[in-house]
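Chemist:
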Amino acid sequence: TPMQNNLKEFFAMV
Amino acid sequence: MFEAQLVEGKTFKAIIEAIKDLVVDCNLDCSEEEVAIQSMDSAHVSLVAVRLSASAFSNYRCDRPNSLGINTANMSKILKMLGKDDSITFKAEDESPDSLTMLFEGGKSTIADFELKLMDIETEQLGIPDTPYQCTIQMRADEFQRIVRDLQVLGDTCTISCGKEGVRFSVTGAIGNGNILVRSSDEDKDKVTINMEEPVELNFALRYLNFFTKATPLAENVVISMSPDVPVVVEYPIEEFGHVKFYLAPKIEE
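Top line first, the protein sequences correspond to chains A and B.
In terms of this note's numbering, the first sequence is residues 13 to 26.
In terms of this note's numbering, the second sequence is residues 9 to 262.
(1) If you run the structure through DSSP and keep just helix, strand and coil, what is B/G171?
(2) Looking only at C-alpha atoms, which of B/T144, B/P258, B/I260, B/G250 sits nearest to B/R19?
(3) Could you tell me which chain A residues have their CB closer than 9 Å to the CB of B/M9, listed as they occur along the chain?
(4) By the 7 Å beta-carbon criterion, what residues does the segment 221-242 of chain B contribute toward chain A?
(5) Please report the residue range of the alpha helix (DSSP H) in which B/G17 lies.
(6) In terms of residue numbering, what span does the alpha helix (DSSP H) encompassing B/F220 cover?
(7) Contact defined as beta carbons within less than 8 Å: I believe B/G174 pairs with B/L159. What is the distance between those atoms, to the nearest angstrom?
(8) Hey, B/I23 and B/V58: beta-carbon distance below 7 Å or not?
(9) Quick check on the DSSP output: the alpha helix (DSSP H) that includes B/Q153 runs from which residue to which?
(10) Counting C-beta neighbours from all protein chains within 10 Å, is the total for B/G115 16 or more, i.e. buried, or is it exposed?
(11) Which residues in chain A have a C-beta closer than 8 Å to the C-beta of B/K88? List them in chain order.
(12) Can you grab the Cα-Cα spacing for the pair A/M15 / B/A213, in whole Å?
(13) Per DSSP, B/T224 forms a beta bridge with which residues?
(14) Quick one: does B/I183 have its CB under 7 Å from some CB of chain A?
(15) What do you reckon, are the CB atoms on B/N211 and B/K172 nearer than 7 Å?
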């Protein structure tokens, strides 16, 4: 089954 | 001082109903330009971004930017008492207010006022790049809701692939599999617009897509934007006044 990514891997914190 | 009246109070109620299953506590970030919410769900898989421009309100006044920390479940409890044609007037002090006052006024002679206790909420603000997407699909919000709900009975991961023939929603599960193909259509009541630069195929958790469709009452159409290997955006526009956008990280094959 595919693994769920974390959103923080895509968007940098500001 | 923050003071703003939303003539159609039910819009705010619909926003809170749309996000409360994903977001427990969040800040209402009030500024001269807008009231905004940005919050991730507790698993940090999805993000909610709400914007209501100052022009959505009458008598909008925000002397300085302010973050009003609310519990969405408690806000929802108070909004249960909103009449369907009521306006809402929000009021809060400038300096770290400990409550938000809301007046509900309808056509009748009744005025109700409520005070919601506020909290200090530490938030992690994410910077979302304003980049164009490879595929943008606009379709009826209730149709998207139906697709997501129907496919959930088959499995928990939905593959959304946007290609030449349309947008395919596919699920494979223990009892079998299913595909729903949505094609471009010019029909007025069932209009589907697909803009595609390159085909895109991504996997998403149906559980989260299902949470997003709680925003269906806010908009006639939903806009789904995808690019390879980045989060999908599911946008519910609120007339010309703002939006509720949901971002969801894709699943990757191991």
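We treat Cβ as the ideally placed atom computed from N, Cα and C, and that holds for glycine.
Modeler: In short, the structure shows the following:
(1) Three-state DSSP puts B/G171 in a strand.
(2) In the sequence on display, residue 19 of chain B carries Thr and not Arg. Among B/T144, B/P258, B/I260, B/G250, the Cα nearest to that of B/T19 is on B/G250.
(3) Correct list: empty, because the minimum Cβ distance to chain A is about 27 Å.
(4) Contact residues of the segment 221-242 of chain B toward chain A are V238, P239 (C-beta to C-beta distance below 7 Å).
(5) Taken as a continuous stretch (DSSP letters only), the alpha helix (DSSP H) holding B/G17 covers 17-27.
(6) DSSP places B/F220 in the uninterrupted alpha helix (DSSP H) bounded by 214-220.
(7) Contact flag wrong, Cβ pair sits at about 16 Å.
(8) A contact, by the Cβ cut-off of 7 Å.
(9) Element bounds for B/Q153: 149-159.
(10) Taking all protein chains in view, the Cβ of B/G115 is surrounded by fewer than 16 other Cβ atoms within 10 Å, so the residue is classified as exposed.
(11) Neighbours of B/K88 on chain A: none; closest Cβ ~31 Å, over 8 Å.
(12) Roughly 10 Å between the two C-alpha positions.
(13) DSSP output for B/T224 lists no bridge partner at all.
(14) Chain A, which has no Cβ nearer than 7 Å to the Cβ of B/I183, makes this no.
(15) Taking 7 Å as the Cβ cut-off, B/N211 and B/K172 do not qualify as a contacting pair.
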